[in-house]
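A quick write-up on the structure given underneath.
Protein chains in written order, with my numbering: chain A, 98 to 294; chain B, 130 to 772; chain C, 120 to 405; chain D, 197 to 315.
As structure tokens, then:
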């Protein structure tokens with residue numbers, strides 16, 4: 098978002114772009130954020146004093162599909178970047194849009210999952226599992242939502258012809274964020290869904 | 130800067146905004162401050178705001194000390210005492226020391242590395258506005274109850290807000306909600322400035338300013354910023370968990386549902402111990418600049434001071450359990466963390482020894498900045514040593530939660546951080562006000578503060594060893610604590626007097642102070658090569674750096690025995706830029722002022738208020754935030770640059 | 120520039136005297152600290168009357184004396200430096216020393232060794248000894264903190280009226296709850312809380328131990344001789360925090376058995392020791 | 197003097213290795229769409245294997261180790277290729293790895309201390 102002062106006029110000391118450096122620092126910092134949430138989940142995973150427990154609710158085939166969707170959105174994201182880096186605006190637009198749609202698909206999957214769990218008696222305050230699960234996956238979902246907003250904004254701006262090869266960095270930065278959200282899900286999918294006590 | 134006013138017809142809001150915007154573009158009037166993205170102005174705003182909070186926190190401290198002056202005093206009741214106590218700690222940590230350090234990051238970092246601004250000027254303005262919003266939000270909590278009938282609405286759980294005291298059941302009312310959301314907002318501000326300064330320091334250095342030619346203060350800013358960006362997310366999650374527990378009945382810290390109150394303590398101190406170094410490392414940086422200047426010697430063992438700073442940064446992640454020795458984590462954990470705590474004293478000791486070696490053999494100019502810097506070394510050493518006595522796990526069981534701990538961390542945070550920050554004021558404010566602070570008043574301020582400080586906090590070692598628990602709102606006679614508490618209270622008012630002297634000095638100097646000139650202290654670093662106050666573009670020409678302490682080396686060369694010889698008079702004054710004044714900075718592209726950081730920042734307190742009172746406001750706040758962010762992203766960043 | 124500097128010179132003797140005076144004050148304060156162990160105040164952490172507290176006091180001294188020596192050396196060196204190297208008129212710019220690597224390495228390694236040797240190593244055995252589980256024959260007592268009162272349960276004493284283990288009677292806020300223990304015998308305390316965090320601190324017997332809801336914290340204490348020892352809650356727990364007082368009454372075997380018998384029968388007892396005066400209503404109210 | 201001018205005159209670089217002089221030409225080193233698609237398919241396959249392992253009914257320890265290894269592989273592939281850390285400047289990796297390792301180590305210690313079970 099924030100554009101660096103004078104990047105147009107001055108080279109940076111390291112030769113690296115300010116915004117890209119900022120993005121990587123942000124992702125490093127986000128590791129601690131999700132680390133804290135995942136740690137809370139792991140700490141409490143088998144300490145709920147009453148049900149329902151993870152094993153009663155998880156629908157592995159369903160979640161595998163939505164994990165797959167998010168993974169594939171990473172592929173389309175990187176294809177959007179590859180397109181614009183070669184000056185292919187049209188290709189970038191298609192792939193950006195695909196990524197946003199896949200992101201929305203993942204989010205609807207999560208909304209469906211949350212509603213299902215709710216129907217089966219799990220809420221934020223039911224037990225420790227409900228608390229930690231909803232907060233962890235909810236914060237991930239919030240990140241995906243922000244990602245989708247960024248992607249759609251980029252898409253809209255690109256329709257006005259304002260994203261070109263020379264400022265492909267905008268797409269690269271959105272991509273870095275998007276891929277990060279994806280790798281967080283890779284971790285959550287394994288630690289929360291597949292590995293159960 | 131005699132530029133003609135642009136012609137505007139003010140017919141609507143948009144035009145009015147544009148008019149204000151143009152005023153801001155001309156660096157003139159109130160709007161130019163509100164829309165500013167200039168690191169120096171943001172730094173000054175940080176400084177003034179944090180100083181006002183310092184006075185608030187100080188008044189809170191005086192109230193606490195007045196209540197404790199004699200046994201069974203009736204100045205405050207226990208409820209008021211707990212609330213004021215909580216706000217005193219929270220204010221001093223989050224609204225005073227951190228933002229005062231941020232003020233110096235802002236003011237000094239770009240000047241010291243030879244840059245025209247920080248890497249993200251608008252993000253920088255955003256940090257300030259979010260900090261201001263969070264600070265006001267936190268203090269508004271006082272008024273959520275009828276303050277005129279003596280009821281305070283502020284949080285009452287101590288600045289550590291341990292679970293389960295912080296739960297809805299035991300802290301009803303909105304105080305803790307305000308605390309958690311307020312600290313959360315402040316965390317956003319710190320994170321933003323943390324990212325900003327890392328990128329600035331890594332990327333915006335002048336030609337030739339290698340990492341190991343950077344001034345020590347810049348190094349400490351870098352380490353601190355790394356600690357901020359890695360520690361803040363942890364407390365953010367802890368605060369979210371607390372907020373979810375309180376507002377949405379989640380169970381993170383609810384023992385009845387199997388939750389573990391100790392999780393809060395772990396998360397809090399995982400953040401909290403790096404936080405201690407976030408508070409003290411900038412102070413160490415300031416002192417490492419002042420001691421060499423006023424000793425006329427380079428910092429002794431520069432690389433070792435740098436590396437010990439980095440070592441402290443890393444080690445600060447491995448000692449958090451020493452806040453939790455008595456929570457029953459077991460002997461293995463306690464001994465491991467006991468040893469790591471002992472070891473973290475070593476790099477700190479290395480720094481102290483290097484500072485003393487810097488002074489040794491120097492030509493010490495005992496002006497107010499130097500006195501405060503030396504005061505820092507002297508007082509911080511005591512705090513560090515009592516810290517070593519804390520690391521001894523079994524004996525710490527006796528000191529845990531007594532006034533001995535209070536004495537220890539005030540020696541570190543007041544005797545350390547606050548002394549160094551005042552040293553920084555006396556040293557660097559003239560650069561920005563153009564006026565030197567009066568040295569005689571400065572000396573009076575120093576001695577009053579030093580005496581008052583020791584009078585307040587040294588007796589706390591004694592009352593602590595005599596078993597006085599911290600955070601008690603009153604105590605009975607016959608415990609042997611009376612005399613020591615009386616001393617502490619007298620000391621606290623002495624400190625307050627010294628602060629008054631500083632305020633008088635500041636106002637007096639602004640009006641009548643001696644002009645500072647380029648280089649009032651025979652300085653060593655780049656900030657002294659430019660006028661006081663600096664032009665908004667800082668450097669007419671970006672300097673080229675050939676050595677550590679670049680300005681010193683322009684003024685002096687060394688003979689074979691290492692004795693410095695002044696360079697020919699003309700070059701020594703740093704006036705090489707003077708002839709270039711008339712350029713007026715034309716042709717230098719500076720970032721445009723922007724209102725969007727302020728608008729975006731406003732979104733957070735609105736959302737937080739909404740979470741407590743009415744969810745509809747959350748939507749309003751989110752909308753404000755989005756307007757701010759979109760406007761920000763789409764406006765051109767630099768004068769004359771297309772988006 | 121340098122002219123301005125010399126013009127603004129300080130009146131030197133004044134600051135010298137002040138520094139010296141302050142240093143003297145500091146020394147006096149230090150001596151006062153050194154004598155704390157002698158004062159007879161109820162919660163003095165340096166006047167142990169129990170095995171645990173004695174170990175803790177000894178370790179503290181082990182760390183404090185070197186710390187005091189270092190402090191005096193450092194503060195003294197600062198004062199000497201200030202006096203010896205303060206700027207004089209027409210001072211030449213001093214020799215520029217940039218550092219000294221052997222010296223740096225030396226003053227990194229030597230303090231590490233000293234601090235580990237003097238503090239770290241002696242600390243560990245005591246840490247493990249004090250942190251061990253109570254012995255099997257230790258006298259068991261359950262300690263519960265609640266807002267704003269401590270209560271004690273004696274599993275080995277059956278209340279003759281109910282047949283349940285004896286529990287201490289409730290006390291009003293600001294009045295000390297009484298814990299009776301046999302003197303010169305290891306006591307196994309199981310500390311917990313039913314609401315917020317509290318901390319059970321009776322300095323003359325042992326350092327503080329946190330009471331946390333949902334956690335059972337087992338520690339041992341041992342009083343050297345019969346007597347009564349004051350303590351109070353150490354962890355902020357709300358408006359009554361300052362009034363959450365404890366009196367531990369250690370009795371000889373015979374006295375303790377006699378007390379237990381009476382208490383079990385529900386005989387109303389006059390307080391053995393009033394403990395510290397009740398904290399006034401202003402303090403505990405709110 | 198701008199950095200660019202300064203460099204043209206051959207001044208000492210501020211802490212800067214030769215390899216990263218030109219940020220612009222890293223684009224050429226990026227893999228093409230085909231390679232991205234290949235990596236995408238590998239990721240898809242690994243996900244399939246993960247789910248398969250889950251249903252295979254392996255011994256718990258084996259299951260845990262297997263799944264951790266597989267997800268670590270996915271994680272690294274996305275980071276190295278999609279996020280270009282394999283090709284980009286070392287400083288970017290440092291920033292990310294610093295955060296990642298820090299999170300991993302402190303939370304391992306927290307879980308061990310509080311008595312949580314990682315698996």
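Heads up, the beta-carbon is just placed ideally off N, CA and C, and yes, glycines get one too.
Quiz item: Going along chain B, which residues have a C-beta under 7 angstroms from residue 175/C?
Solution: In chain order: 523, 524, 526, 527.
Exercise. Anything in chain B within Cβ reach of residue 127/A, meaning under 9 angstroms, just list it in chain order.
Key: By Cβ distance, chain B contributes 362.
Quiz item: In the DSSP assignment, what are the bridge partners of residue 346/C?
Solution: Looking at the DSSP output, residue 346/C shares a beta bridge with 369/C.
Practice problem: Measure the alpha-carbon distance for residue 280/B versus residue 274/B and round it to whole angstroms. | Solution: Cα to Cα, residue 280/B sits roughly 6 angstroms from residue 274/B.
Quiz item: Is residue 566/B near residue 556/B, with beta carbons less than 7 angstroms apart?
Solution: Their beta carbons are not under 7 angstroms apart, which means residue 566/B does not touch residue 556/B by this criterion.
Self-check item: Close-in-space but distant-in-sequence residues of the same chain around residue 513/B (CB under 6 angstroms, 5 per side omitted)
Solution: Closer than 6 angstroms at Cβ, skipping near neighbours: 477.
Quiz item: Between residue 270/B and residue 453/B, what straight-line distance do the alpha-carbon atoms span, to the nearest angstrom?
Solution: Rounded to whole angstroms, the gap between the alpha carbons of residue 270/B and residue 453/B is 29 angstroms.
Quiz item: Would you call residue 212/D buried or exposed, if buried means 16 or more other Cβ atoms sit within 10 Å of its Cβ?
Solution: Residue confidence is low: residue 212/D scores 43 on pLDDT, short of 50, so the model does not pin down where it sits. No coordinate-derived value is stated.
Exercise. Please list the partners that residue 270/D has in chain A, where partner means a Cβ-to-Cβ separation under 7 angstroms.
Key: What residue 270/D touches in chain A, judged by beta-carbon distance under 7 angstroms, is 283, going in chain order.
Quiz item: So which residues on chain D does residue 128/B lean against when the C-beta distance must stay under 9 angstroms?
Solution: This structure cannot speak to residue 128/B, because chain B is shown only from 130 to 772.
Exercise. Identify, in the order they occur along the chain, each residue of the same chain with its Cβ nearer than 6 angstroms to the Cβ of residue 323/B, setting aside the five sequence neighbours on each side.
Key: So the list reads 354, 357, 358, once near-sequence residues are dropped.
Practice problem: Please classify residue 108/A: does DSSP put it in a helix, a strand, or coil? | Solution: DSSP places residue 108/A in coil when its eight states are reduced to three.
Exercise. Report the option in 131/A, 148/A, 126/A whose CA atom is closest to the CA atom of residue 215/A.
Key: It is 148/A whose Cα lies nearest to the Cα of residue 215/A.
Exercise. May I have the straight-line CA-CA distance separating residue 167/B from residue 665/B, to the nearest angstrom?
Key: The straight-line gap from Cα to Cα measures roughly 7 angstroms.
Quiz item: For residue 764/B, does the three-state DSSP call read helix, strand or coil?
Solution: DSSP places residue 764/B outside both helix and strand once states are collapsed to three, so it counts as coil.
Quiz item: Is any beta-carbon of chain D found at less than 7 angstroms from that of residue 150/A?
Solution: Taking 7 angstroms as the threshold, the shortest C-beta distance from residue 150/A to chain D does not fall below it.
Quiz item: Do residue 525/B and the ligand MN come close, with the Cβ less than 6 angstroms from some heavy atom?
Solution: Among the ligands in the structure shown, none appear at all, so the ligand MN cannot be discussed.
Quiz item: Mind checking whether residue 128/A and residue 288/D have CB atoms under 7 angstroms apart?
Solution: Contact: no.
Quiz item: Roughly how many angstroms lie between the CA atoms of residue 157/A and residue 208/A, to the nearest whole one?
Solution: Pairing residue 157/A with residue 208/A, the inter-Cα distance amounts to about 16 angstroms.
Practice problem: Check the Cβ-Cβ distances between residue 136/A and every residue of chain D, and say whether any is below 7 angstroms. | Solution: Closer than 7 angstroms to some Cβ of chain D, the Cβ of residue 136/A qualifies, so yes.
Quiz item: Between 298/B, 290/B, 328/B, which lies nearest to residue 310/B when the distance is taken from Cα to Cα?
Solution: Ranking 298/B, 290/B, 328/B by CA distance to the CA of residue 310/B puts 290/B first.
Quiz item: Is the region 337-353 of chain C touching the region 292-303 of chain C in the sense that three or more CB pairs, one from each, lie closer than 8 angstroms?
Solution: Yes, the region 292-303 of chain C is in contact with the region 337-353 of chain C.
Exercise. Could you tell me which of 206/A, 217/A, 182/A sits nearest to residue 137/D, measuring between CA atoms?
Key: The requested residue 137/D is not part of the displayed model; chain D covers only 197 to 315.
Quiz item: Buried or exposed: where does residue 184/C fall if 16 or more other Cβ atoms within 10 Å of its Cβ makes it buried?
Solution: With a 10 Å radius around the Cβ and a threshold of 16 neighbouring Cβ atoms, residue 184/C comes out exposed.
Self-check item: Euclidean distance between Cα positions of residue 364/C and residue 251/C
Solution: A straight line joining the alpha-carbon of residue 364/C with that of residue 251/C spans about 27 angstroms.
Quiz item: Comparing the C-beta of residue 446/B with each C-beta of chain D, is any distance below 7 angstroms?
Solution: Interface residue (Cβ-Cβ distance to chain D less than 7 angstroms): residue 446/B is classified as such.
Quiz item: From the beta carbon of residue 324/B, is the nearest beta carbon of chain D less than 7 angstroms away?
Solution: So, not an interface residue.
Quiz item: Would you say residue 692/B reaches chain A, if we count a Cβ-Cβ gap shorter than 7 angstroms as a contact?
Solution: The beta carbon of residue 692/B sits no closer than 7 angstroms to any beta carbon of chain A.
Practice problem: Kindly list the residues whose CB is nearer than 8 angstroms to the CB of residue 238/D, restricted to its own chain and excluding five residues on each side of it in sequence; keep chain order. | Solution: When the five nearest sequence neighbours on each side are left out, the beta carbons in the same chain lying within less than 8 angstroms of the beta carbon of residue 238/D are those of 273, in order along the chain.
Quiz item: Which of the three DSSP states, helix, strand or coil, is assigned to residue 661/B?
Solution: Residue 661/B falls in the coil class under three-state DSSP.
Self-check item: Inter-stretch contact (C-beta, 8 angstroms, three-pair minimum) for the region 214-231 of chain C and the region 498-509 of chain B
Solution: Counting Cβ pairs under 8 angstroms, fewer than three are found: no touch.
Quiz item: Are the C-beta atoms of residue 727/B and some chain D residue less than 7 angstroms apart?
Solution: In terms of beta-carbon proximity, residue 727/B stays away from the interface with chain D, with every pair separated by 7 angstroms or more.
Quiz item: Exposed or buried, residue 372/C, counting other C-beta atoms within 10 Å across all chains shown (16 or more means buried)?
Solution: When all chains shown are included, residue 372/C counts as exposed.
Quiz item: How big is the Cα-Cα spacing for residue 268/A and residue 252/B?
Solution: Our two residues, residue 268/A and residue 252/B, have alpha carbons roughly 20 angstroms apart in a direct line.
Practice problem: Could you list the residues in the region 289-305 of chain D with a C-beta less than 7 angstroms from some C-beta on chain B, going in chain order? | Solution: Flagged, chain order: 295, 298, 302.
Quiz item: Once you ignore the five residues that flank residue 486/B on each side, which residues in its own chain have a CB closer than 8 angstroms to its CB?
Solution: Residues of the same chain with a CB within less than 8 angstroms of the CB of residue 486/B, apart from the 5 flanking positions on each side, are 429, 430 in chain order.
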